[in-house]
Amino acid sequence: FLARGLLIRAPPIYSSFSKMNRVFQSTASFLSRGMRGMAKTIPAQVKTRIFSKPSLRAVGFAGLGCGAASLMACNLIPEATPAHAEESKDSVNIVLQTEEQPTLDDMKIFSGTANYNLASEIAEELGVPLGNLSIKTYADGEIGIQVNENVRGKDIYIIQPTCPPGVNDNLMELILLVSTMRRASARKITAVIPYFGYARQDRKMQSRVPISAADVCRLLEAMGVDRVVAVDLHCGQIQGFFGPRTPCDNLEGSVVALPHFANLNLKSESTIVASPDAGGVHRAKHFRDRLKKRFGIDAGLAMIIKQRLRANAIERMDLVGNVEGCDVILVDDMIDTAGTLTKAASELTARGAKRVFAYATHGLFNGPAVSRIEKSELEQVVICNTVPLSPAAAQCAKIKQLSIAELLGEAIARIHYRKSVSVLFKK
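Next comes the structure, spelled out in structure tokens:
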């Protein structure tokens, strides 16, 4: 019945009796095989109830319909002739050629309130204006956000470090920004987080404590972020706290600082790169290897082992390596209260170091950090502008801030134009 109905409705397709005959034969064969298979798998005591006349008719019509539909779907497509094949190839080429490639018009850069100056520099590097966005704080402390332009179908890049002061406010602002863009039908949302707050709480050091870095990642994923770009995470394994559907790029801020140190007349035989703690040895070694590869300065390596009484309180330090008569570069990911950094500089000077420099990607400078640096043996402290400087830090003569806008701008451009980001790690 199905085949005859199709013959009436589509006579041009089934115009030959031979083709229709093959449909009937194949359908009957399909039905026969299906019924035999079902009969073998069903227990004997159940067969009587299932294969009663109404059930048998239902199964028969279902098998006939499936067989006929599948075969007719195949036969509806005429046999490919050379002309049809050429036409099909041309169609595929046309589709591939007309696929839209991303343009600058598809890119929108938005900034939170945490580091507006850095966002402005990045937008200038990319040659696009910052998006029109209103962020206000109500009298009760709540955050209000409104996007003042159309973002439907656009690729959105939100630049917002979750840094002090107001780590929690900046984090909530980022979460609400992602949610706002997602509800406004943005095509893709990338969170550019130059400083990732809660990164130091990346594991359980004692009982009944959260792994806050993982919880922040889950919050961002729940809001619908598609990709995350960070700079020098405190622990690289934080990238694994995001699921496989949310890639996380961890850029290295040291590529910005290396040219600065290369201009300080450092000599290979009298330069040491040191880590202020055992956990940062890999970071210091990587910095030393880049210094050698890019500028030919073959520096030595040293390490300071510190024993803490509690957070931000150090009991003693021990030096592994010889620094006598050398210029030493202390390499770390962040400077918080500068207690570790200044004590390390004192220890290195006591061991005979000639000059002591320090490099850290993130300069938080909380509490007495600025006064400690001013009174310390440090020659210069070099940081990146991932975190905005406080007025006191900006006036300190020993603190030198470098811009990371070019690195982040190139990373955003590569992501937007679907190019490799790994090139940035090899530069």
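Numbering-wise (the working numbering), the sequence shown opens with residue 1298 and increments by one.
All C-beta atoms in this analysis are idealised placements derived from N, C-alpha and C, irrespective of residue type, glycine included.
Looking at C-alpha atoms only, which residue of the options is the closest neighbour of residue i?
{"i": "Leu1705", "options": "Pro1399, Gly1428, Tyr1454", "result": "Tyr1454"}
{"i": "Lys1697", "options": "Leu1675, Ala1708, Lys1716, Ala1710", "result": "Leu1675"}
{"i": "Asp1574", "options": "Glu1644, Leu1563, Pro1685, Ala1510", "result": "Glu1644"}
{"i": "Cys1545", "options": "Ile1490, Asp1512, Phe1558", "result": "Ile1490"}
{"i": "Asp1624", "options": "Lys1603, Arg1524, Ala1650, Leu1616", "result": "Ala1650"}
{"i": "Pro1685", "options": "Asp1402, Val1425, Cys1460, Leu1427", "result": "Cys1460"}
{"i": "Val1475", "options": "Pro1462, Ile1442, Ala1708, Lys1723", "result": "Ile1442"}
{"i": "Ser1482", "options": "Val1718, Lys1451, Thr1683, Arg1652", "result": "Lys1451"}
{"i": "Thr1400", "options": "Leu1423, Thr1646, Ile1701", "result": "Leu1423"}
{"i": "His1557", "options": "Ala1519, Arg1591, Val1506, Leu1516", "result": "Arg1591"}
{"i": "Phe1584", "options": "Lys1433, Leu1555, Gln1604, Ala1689", "result": "Leu1555"}
{"i": "Phe1662", "options": "Leu1588, Glu1549, Asn1547, Cys1681", "result": "Cys1681"}
{"i": "Leu1588", "options": "Lys1405, Gly1540, Lys1723", "result": "Lys1723"}
{"i": "Ala1519", "options": "Ile1456, Gly1540, Asn1562, Glu1549", "result": "Gly1540"}
{"i": "Ser1687", "options": "Gly1664, Asn1547, Ala1655", "result": "Gly1664"}
{"i": "Thr1646", "options": "Asn1619, Gly1550, Ala1666", "result": "Asn1619"}
{"i": "Ile1406", "options": "Glu1397, Ala1657, Ile1709", "result": "Ile1709"}
{"i": "Tyr1656", "options": "Val1678, Lys1640, Ala1666, Ala1642", "result": "Val1678"}
{"i": "Thr1267", "options": "Ser1719, Lys1603, Val1526", "result": "Any question about residue 1267 goes unanswered here, given that the chain covers just 1298 to 1724."}
{"i": "Gly1533", "options": "Leu1563, Ala1666, Arg1500, Pro1507", "result": "Arg1500"}
{"i": "Lys1433", "options": "Ile1486, Leu1517, Asp1466", "result": "Asp1466"}
{"i": "Val1425", "options": "Val1444, Ser1431, Ala1436, Asp1402", "result": "Asp1402"}
{"i": "Leu1517", "options": "Met1502, Ala1642, Ile1486", "result": "Ile1486"}
{"i": "Arg1480", "options": "Arg1505, Ser1504, His1531, Val1444", "result": "Val1444"}
{"i": "Phe1654", "options": "Leu1563, Ser1504, Lys1603, Pro1507", "result": "Leu1563"}
Verify whether the separation of the beta carbon atoms of residue i and residue j is less than 8 Å.
{"i": "Asn1429", "j": "Glu1446", "result": "yes"}
{"i": "Leu1471", "j": "Gly1521", "result": "no"}
{"i": "Leu1553", "j": "Leu1699", "result": "Contrary to the premise, residue 1553 reads as Val rather than Leu in this sequence. Yes, these two residues count as a Cβ contact at 8 Å."}
{"i": "Ile1565", "j": "Ala1596", "result": "A small correction: the amino acid at residue 1565 is Ser; Ile does not occupy that position in the sequence shown. Contact: yes."}
{"i": "Ala1510", "j": "Gln1498", "result": "yes"}
{"i": "Val1570", "j": "Ala1559", "result": "no"}
{"i": "Met1614", "j": "Ile1601", "result": "yes"}
{"i": "Tyr1492", "j": "His1659", "result": "yes"}
{"i": "Ala1420", "j": "Pro1458", "result": "no"}
{"i": "Arg1515", "j": "Thr1543", "result": "no"}
{"i": "Val1464", "j": "Gly1494", "result": "yes"}
{"i": "Met1478", "j": "Val1448", "result": "yes"}
{"i": "Ala1496", "j": "Ile1456", "result": "no"}
{"i": "Arg1648", "j": "Leu1616", "result": "yes"}
{"i": "Ser1572", "j": "Gly1622", "result": "no"}
{"i": "Leu1473", "j": "Ile1440", "result": "yes"}
{"i": "Leu1415", "j": "Leu1548", "result": "no"}
{"i": "Gly1550", "j": "Ile1701", "result": "yes"}
Going by the DSSP bridge assignment, what does residue i pair with across the sheet?
{"i": "Arg1484", "result": "DSSP lists no partner for Arg1484."}
{"i": "Cys1681", "result": "His1659, Leu1699"}
{"i": "Leu1471", "result": "BP columns for Leu1471 are empty, so no partner."}
{"i": "Lys1405", "result": "Ile1453"}
{"i": "Ser1431", "result": "Gln1443"}
{"i": "Met1614", "result": "Lys1603"}
{"i": "Gly1597", "result": "Ile1569"}
Measuring only between beta-carbons, confirm whether residue i sits less than 8 Å from chain B.
{"i": "Asn1465", "result": "Considering every chain present, this structure includes no chain B. It has just one protein chain."}
Relative to the ligand ZN, is the shortest distance from any of its heavy atoms to the C-beta of residue i smaller than 7 Å?
{"i": "Leu1627", "result": "Only the bare structure without any ligand can be found here, which leaves the ligand ZN out of the picture."}
| task | Return the chain-ordered ranges of every beta strand (DSSP E) run that is complete within the stretch 1487-1575 and spans a minimum of 3 residues. | result | 1524-1528, 1545-1548, 1568-1572
| Secondary structure, alpha helix (DSSP H): runs of 4+ residues fully inside the stretch 1619-1673 | 1636-1647, 1666-1672
| query | Using 8 Å as the threshold, is the stretch 1668-1688 in touch with the stretch 1632-1645, meaning 3 or more CB pairs across them? | reply | yes
| Is the stretch 1610-1629 touching the stretch 1575-1587, taking contact as three or more C-beta pairs under 8 Å? | yes
| Segment contact, 8 Å Cβ cut-off, at least three pairs: the stretch 1710-1720 with the stretch 1686-1693 | no
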